[in-house]
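Worksheet for the structure shown next.
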Amino acid sequence: MSLAPSALPIGIHHIEKRFGALSILSDLSLDVAAGEFLTLLGPSGSGKTTLLMILAGFVRANAGSIKVGNEEIITMAPHKRDIGMVFQNYALFPHMNVFHNVAFPLKQRRVSAADTKQRVDRALELVRLQGLGERRVDQLSGGQRQRVALARAIVFEPRIVLMDEPLSALDKGLREHMQIELRNLHRRLGMTTVYVTHDQREAITMSDRIAVMNAGRIEQIDQPETIYARPKTKFVAEFIGESN
Ligand code: ADP
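Position 163 (the sequence shown) corresponds to 163 in the UniProt record's numbering; numbering is contiguous.
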């Protein structure tokens, strides 16, 4: 079963972002292919989250263009974008049950009750949480919460999914398990995915391509094996070398 109607490419061109006098992203351009799983990999402070927030519409760029398919979205409100988002800390509503958490984006989009039920059930099945709709989120394990966040991100069948260190709060065993699950889910649904991590192993395991970021710029963008075999800059060579 495929949830995504059809994947769309993302064209990110000449993005500038400053906070006060500080330049965070400078002339950043990046093309993500339709259905690709692309990872932004880089040290803390390199601008990964800022770029993701600009894609999601929560942070406004000072200049540049973002096209999804043929549509310019740079000034579009976040909930109008065809984008699902998963954050590091889940950002779920702890007092609400699983069903209502997952249904939230559908409510925002005024989807009917009957349709909502059907879509939430299907999303919960995809993340293997079927039957847990009535459970309160604060009664779930970390791994289950992360799956709820994932179900919420895909329930409205977005053509793009953004994930910001979604597994970093989980312990090692669960993290590795979820990496495989996320990868399988991506294979099944085929949505264009931009994934943020500072964990090289995670990037290698999961990505079609990796964009290595440093100080607000992309140092190299290539398939994982190319990044490792042929780092193009000293920074990439050193960053990749660090944990090997
Ligand atoms: P990463 O995700 O790679 O760790 P971030 O995008 O979070 O990097 O941050 C990049 C830089 O932008 C950091 O130096 C950070 O301090 C700065 N920054 C992020 N958000 C803000 C903000 N709202 N105001 C000022 N500086 C910010």
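Beta carbons: idealized from backbone N, C-alpha and C, even for Gly.
Bear in mind the structure is a predicted one, so any value in this text is a computation, not a measurement.
Nearest neighbour of ARG201, chosen from ILE240, SER46, HIS186, ALA211 [CA to CA]: As a first step, residue 201 must be located in the sequence shown, where it is residue number 201. Closest by alpha carbon: ILE240.
Residues that DSSP places opposite ILE73 in a beta bridge: Position 73 of the sequence shown, counting from 1, holds the residue named residue 73. Beta-bridge pairing links ILE73 to no other residue.
Three CB pairs or more closer than 8 Å across the stretch 184-199 and the stretch 161-175: yes
Per-residue burial, MET1 [other beta carbons within 10 Å of its own, 16 or more giving buried]: Stepping through the sequence shown from its first residue, residue 1 is reached at position 1. Note on MET1: pLDDT 42, under 50, position unreliable in the model; the coordinate value appears next. MET1 is exposed by the Cβ-count criterion.
Check: residue 282 C-beta below 8 Å from any heavy atom of the ligand ADP: What is shown of the chain runs 1 to 244, which leaves residue 282 out entirely.
Beta carbon of PRO94 nearer than 9 Å to that of ARG136: Along the sequence shown, read from residue 1 onward, the residue named residue 94 stands at position 94. Along the sequence shown, read from residue 1 onward, the residue named residue 136 stands at position 136. Taking 9 Å as the Cβ cut-off, PRO94 and ARG136 qualify as a contacting pair.
Those residues which DSSP pairs with ARG183 across a bridge: Against the sequence shown, residue 183 aligns to sequence position 183. According to DSSP, which records beta bridges pairwise, ARG183 is partnered with nothing at all.
SER46 CB to nearest heavy atom of the ligand ADP below 8 Å: For this step, residue 46 is matched to residue 46 along the sequence shown. Under cutoff, so the answer is yes.
Alpha carbon of residue 245 to alpha carbon of VAL98, nearest angstrom: Here the chain comprises residues numbered 1 to 244, so residue 245 is not present and cannot be evaluated.
Cα-Cα separation, ARG119 to LEU22: The residue given as residue 119 occupies position 119 in the sequence shown. The residue given as residue 22 occupies position 22 in the sequence shown. So the two alpha carbons sit approximately 43 Å from each other.
Minimum C-alpha distance to GLY11 - residue among ILE74, ASP222, GLY216, GLY173: Position 11 of the sequence shown, counted from the start, is the residue given in the question as residue 11. Comparing Cα positions, the closest option is ILE74.
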